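J.: To start, I am sharing the structure in question, which I have written as structure tokens.
Numbering (this note's numbering), first residue to last: 1497 to 2168.
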């Protein structure tokens, strides 16, 4: 690749010059991050007309520190309820920013800091040794960091997900007669036929005679402007009388709970809708973009590359439930929103939509809504979600069933337990690591090269030699890289990116130590077979240590606020009441191996059948290698004093795990 670019290397390139880019530039200016920097902005659009209005609700305390406070052109404190009355909020206001004011602010910043601007279309981005190459329809540019605000690309929705459009078409109008309610806004006036979608009028009065009236639709298809014109005209004439149109506003906002395809470039930071800033159930994004801008500036001040992802929490599930109802049963949208706003204080609804409500407030609010559609949507969300959503619950059921059978019928427990462990290891546990050669090239039809086989087996053989000469060191190394591997896999599955390295170590090591310490007598026997003696006195401290680990994991769950991590902790607490191998098997087979199977299958774009067939030769190969080891030790070709086959199996598994962990780590890095 040529190193000649159209211009000298820039510090930052903004792909897009819309709202999110402007807010980020404003935040960077406030924090002194634009001085002495070479910056470029690439956008085919001139961005000069007032094509959008952005509205958001804030408290008085928020407004005093708000990034865009000087750009607010209008605010309201009165909100019409569905019953015709209105709420007057003294500490909460609904604020408007015009896009033309944002664009003017961007032009000022461009002028003040001599920022390069080009009206081109970006075709693609690619990683360079020290940054990103931006290719347009005309030229190529090079920057250390790229902020990408192009429209997002969504993955196809799964069975429990939805992808709708919030389309709107409206008029800025001047009335012949004064509007007596010019201080009251209508967020949702459902005085319109629903037309098999969820649609309503949105009214923002600016003074006695000037206002914005829009028809908004939540649906699978955007608004037909010809039909919208008729509906708007009838609504305005019947409610306000004669009017004159001064401007037209139109738009379409994605309302999707589907995942957004992400860039794999480490120096590309997605902003705006591309970063997931749009709240799926409402379409509001402006405040999220402001907060994101401040987070990015803080990271740049710390001289790190910003990473942003919306947290996985209960509000994402709320969004999925509502969008599922609006998608499958759009006629229910009107009664749901009417009850939401008529039976709850406007401020309480705003806190909920802003994801700042407490669980107690949410339960109170849900009690005012029709329960049947939400219950149906919840069932779909749980049982039609991907395996990663309902599998923890199934594992809990299995763990509880094993606990029950252990108490009621020990013979039946032993039989079912052995069946679970043997079948799980053969079907999932071992095969999930038997396609490592395919992960190195990311191609599903790749055959292992001779060099790959040599490197793979050499690392396993070196560790085997280390076990023979330094078993204590080998055991410590095995626990360390296993802890990292388990933590990395789980965090990748749960979508946790904040403090990922530290959290991986904490989660992986704590869960592994919890399983071992809660079965200290059994663990000590296995470790003794490895030639390592642990003091028997530690048995007295093991229960206390287990309690400390559980408490520590609970604190980690509280910090991450991840529900699936909480379910995994509950699984571990149940599993440690079972024998050691069963407890470890429930986690290793049911969670780790099965989740990794899904990650690899998705990464290679293969089916389960293809996975089994691709893994089969190398699964059999691992048994063949163990057979050779068995033969060499049995016939004293390899001399191991006082060997025990439990120890040999343990050592063999640790040796073949090492190269697998190295390969899968690279896979996760590439798939982040």
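Cβ coordinates follow ideal geometry from the N, Cα and C atoms, glycine included. Model, not experiment: these values are computed from the prediction.
Using only CA atoms, which one of 2021, 1930, 1540 and 1746 lies nearest to residue 2118?
T.: In the chain shown, the residue the question calls residue 2118 occupies position 622. The shortest Cα separation from residue 2118 among 2021, 1930, 1540 and 1746 belongs to 1930.
J.: What are the start and end residues of the alpha helix (DSSP H) that includes residue 1791?
T.: Translated into the one-based positions of the chain shown, residue 1791 becomes position 295. Its alpha helix (DSSP H) spans residues 1782-1797.
J.: Residue 1715 and residue 1831 look like a contact to me (Cβ under 8 Å); what is the Cβ gap, rounded to whole Å?
T.: Position 219 of the chain shown, counted from the start, is the residue given in the question as residue 1715. Position 335 of the chain shown, counted from the start, is the residue given in the question as residue 1831. Not a contact, Cβ separation roughly 16 Å.
J.: Considering only the beta carbon of each residue, do residue 1876 and residue 1659 sit closer than 7 Å?
T.: The sequence position of residue 1876 within the chain shown is 380, counting from 1. The sequence position of residue 1659 within the chain shown is 163, counting from 1. Cβ atoms of residue 1876 and residue 1659: not closer than 7 Å.
J.: May I ask you to report which of helix, strand or coil DSSP gives residue 1735?
T.: Your numbering for residue 1735 matches position 239 in the chain shown. Residue 1735: helix per DSSP, three-state reduction.
J.: Do the region 1538-1548 and the region 1509-1524 meet, that is, are 3 or more Cβ pairs less than 8 Å apart?
T.: Output reads yes: the region 1509-1524 touches the region 1538-1548.
J.: Please confirm whether residue 1709 and residue 1582 have their CB atoms less than 7 Å apart.
T.: Position 213 of the chain shown, counting from 1, holds the residue named residue 1709. Position 86 of the chain shown, counting from 1, holds the residue named residue 1582. It is not a contact, given that the beta carbons lie outside the stated cut-off.
J.: So, for residue 1926: in the same chain, excluding its five sequence neighbours on each side, which residues have a beta-carbon less than 7 Å away from its beta-carbon?
T.: If you number the chain shown from 1, residue 1926 lands on position 430. If we look at residue 1926 and ignore the five residues flanking it on each side, its Cβ neighbours are 2115 and 2118.
J.: Give the straight-line distance between the Cα atoms of residue 1852 and residue 1781, rounded to the nearest whole angstrom.
T.: Mapped onto the chain shown, residue 1852 falls at position 356. Mapped onto the chain shown, residue 1781 falls at position 285. Going from the Cα of residue 1852 to the Cα of residue 1781 covers about 15 Å.
J.: Going by alpha carbons, who is nearest to residue 1796 out of 1642, 1711 and 1981?
T.: Numbered from its first residue, the chain shown carries residue 1796 at position 300. The residue with the shortest Cα to Cα distance from residue 1796 is 1642.
J.: For residue 1755 versus residue 1819, is the C-beta distance shorter than 7 Å?
T.: Walking along the chain shown from the start, residue 1755 turns up at place 259. Walking along the chain shown from the start, residue 1819 turns up at place 323. Not closer than 7 Å, so no.
J.: Tell me whether the region 2025-2045 and the region 2078-2091 touch, counting them as touching only if at least three CB pairs, one residue from each stretch, are closer than 8 Å.
T.: Short answer: they don't touch.
J.: Inspect the CB distances between the region 1763-1773 and the region 1731-1745 and report whether three or more fall short of 8 Å.
T.: No, they do not touch.
J.: Let's see if you can read the secondary structure: which residues bound the beta strand (DSSP E) around residue 1693?
T.: Position 197 of the chain shown holds residue 1693. Looking at the DSSP string, residue 1693 is not in any beta strand (DSSP E), and its letter there is neither H nor E.
J.: Could you check if residue 1674 is buried or exposed, using at least 16 other CB atoms within 10 Å of its CB as the buried criterion?
T.: Indexing the chain shown from 1 puts residue 1674 at position 178. The residue is exposed, with fewer than 16 neighbouring Cβ atoms inside 10 Å.
J.: Could you give the uninterrupted runs of the alpha helix (DSSP H) lying entirely in the region 1969-2043, keeping only those of 4 residues or more?
T.: Segments of the alpha helix (DSSP H) lying fully in the region 1969-2043: 1996-2013 and 2016-2025.
J.: Mapping the DSSP letters down to three states, classify residue 1702 as helix, strand or coil.
T.: Along the chain shown, read from residue 1 onward, the residue named residue 1702 stands at position 206. In the structure shown, residue 1702 sits in coil (DSSP, three-state: anything other than H, G, I, E or B).
J.: Taking Cβ to Cβ, would you say residue 1516 is nearer than 7 Å to residue 1785?
T.: Numbered from 1 along the chain shown, position 20 holds the residue referred to as residue 1516. Numbered from 1 along the chain shown, position 289 holds the residue referred to as residue 1785. Contact flag set, yes.
J.: Going by the DSSP bridge assignment, what does residue 1663 pair with across the sheet?
T.: Indexing the chain shown from 1 puts residue 1663 at position 167. DSSP, once it has assigned bridges, lists 1713 and 1748 as partnering residue 1663.
J.: With residue 1707 and residue 1728 assumed to form a contact (beta carbons below 8 Å), what rounded beta-carbon distance in angstroms separates them?
T.: As a position in the chain shown, residue 1707 is number 211, starting the count at 1. As a position in the chain shown, residue 1728 is number 232, starting the count at 1. Not confirmed; about 12 Å, so no contact.
J.: With the cut-off set at 7 Å, would you say residue 1523 and residue 1771 are in Cβ contact?
T.: On the chain shown, residue 1523 is found 27 positions in, with the first residue counted as 1. On the chain shown, residue 1771 is found 275 positions in, with the first residue counted as 1. Against a cut-off of 7 Å, the Cβ pair of residue 1771 and residue 1523 comes out as no contact.
J.: Using three-state DSSP, classify residue 2105 as helix, strand or coil.
T.: To locate residue 2105, count along the chain shown from 1; it is residue 609. Residue state, collapsed to three classes: helix.
J.: What number of angstroms, rounded off, separates the C-alpha of residue 1815 from the C-alpha of residue 1787?
T.: Locating residue 1815 in the chain shown gives position 319, where the first residue counts as 1. Locating residue 1787 in the chain shown gives position 291, where the first residue counts as 1. Their Cα atoms are separated by approximately 20 Å.
J.: Use the C-beta contact count for residue 2123: other C-beta atoms within 10 angstroms, 16 or more gives buried, fewer gives exposed.
T.: Position 627 of the chain shown, counted from the start, is the residue given in the question as residue 2123. Residue 2123 comes out exposed.
J.: Can the beta-carbon of residue 1749 be found closer than 7 Å to that of residue 1835?
T.: Here the question's residue 1749 lines up with position 253 in the chain shown. Here the question's residue 1835 lines up with position 339 in the chain shown. No, the Cβ-Cβ distance between residue 1749 and residue 1835 is not below 7 Å.
J.: Tell whether a beta-carbon distance below 7 Å holds between residue 1513 and residue 1534.
T.: The residue labelled residue 1513 in the question sits at position 17 within the chain shown. The residue labelled residue 1534 in the question sits at position 38 within the chain shown. Cβ atoms of residue 1513 and residue 1534: not closer than 7 Å.
J.: How about residue 1587 and residue 1614: are their beta carbons less than 7 Å apart?
T.: Taking the first residue of the chain shown as position 1, residue 1587 is located at position 91. Taking the first residue of the chain shown as position 1, residue 1614 is located at position 118. Contact: no.
J.: Skipping 5 residues on each side, what residues in its chain have a beta carbon closer than 6 Å to that of residue 1685?
T.: For the purposes of this step, residue 1685 is taken as the residue at position 189 of the chain shown. Cβ within range, chain order: 1696 and 1697.
J.: If I follow the unbroken beta strand (DSSP E) through residue 2094, where does it start and stop?
T.: Looking up residue 2094 in the chain shown gives position 598. Segment 2090-2100 is the alpha helix (DSSP H) holding residue 2094; no beta strand (DSSP E) there.
J.: Which same chain residues end up closer than 7 Å to residue 1924 when comparing Cβ atoms and leaving out the 5 residues on each side of it in sequence?
T.: Within the chain shown, numbered from 1, the residue matching residue 1924 stands at position 428. Within the same chain, residue 1924 has close Cβ partners 2085, 2089, 2090 and 2093.
J.: Please report the distance separating the alpha-carbon of residue 1828 from that of residue 1873.
T.: For the purposes of this step, residue 1828 is identified with residue 332 of the chain shown, where counting begins at 1. For the purposes of this step, residue 1873 is identified with residue 377 of the chain shown, where counting begins at 1. So the two alpha carbons sit approximately 12 Å from each other.
J.: Anyone know if the C-beta pair for residue 1895 and residue 2082 falls short of 7 Å?
T.: As a working mapping, residue 1895 is identified with position 399 in the chain shown. As a working mapping, residue 2082 is identified with position 586 in the chain shown. It is a contact, given that the beta carbons lie within the stated cut-off.
J.: What residue range does the alpha helix (DSSP H) around residue 1919 cover?
T.: Counting from 1 along the chain shown, the entry for residue 1919 is found at position 423. Residues 1906-1920.
J.: Could you check the C-alpha separation between residue 2025 and residue 2128 for me, to the nearest Å?
T.: The residue labelled residue 2025 in the question sits at position 529 within the chain shown. The residue labelled residue 2128 in the question sits at position 632 within the chain shown. Taking the straight line joining both Cα atoms gives about 19 Å.
J.: Do the CB positions of residue 2015 and residue 2076 come within less than 7 Å of each other?
T.: By 1-based counting over the chain shown, the position of residue 2015 is 519. By 1-based counting over the chain shown, the position of residue 2076 is 580. Yes, Cβ-Cβ distance for residue 2015 and residue 2076 is below 7 Å.
J.: Output the distance between the C-alpha atoms of residue 1616 and residue 1841, rounded to the nearest integer angstrom.
T.: Locating residue 1616 in the chain shown gives position 120, counting from the first residue. Locating residue 1841 in the chain shown gives position 345, counting from the first residue. Roughly 47 Å between the two C-alpha positions.
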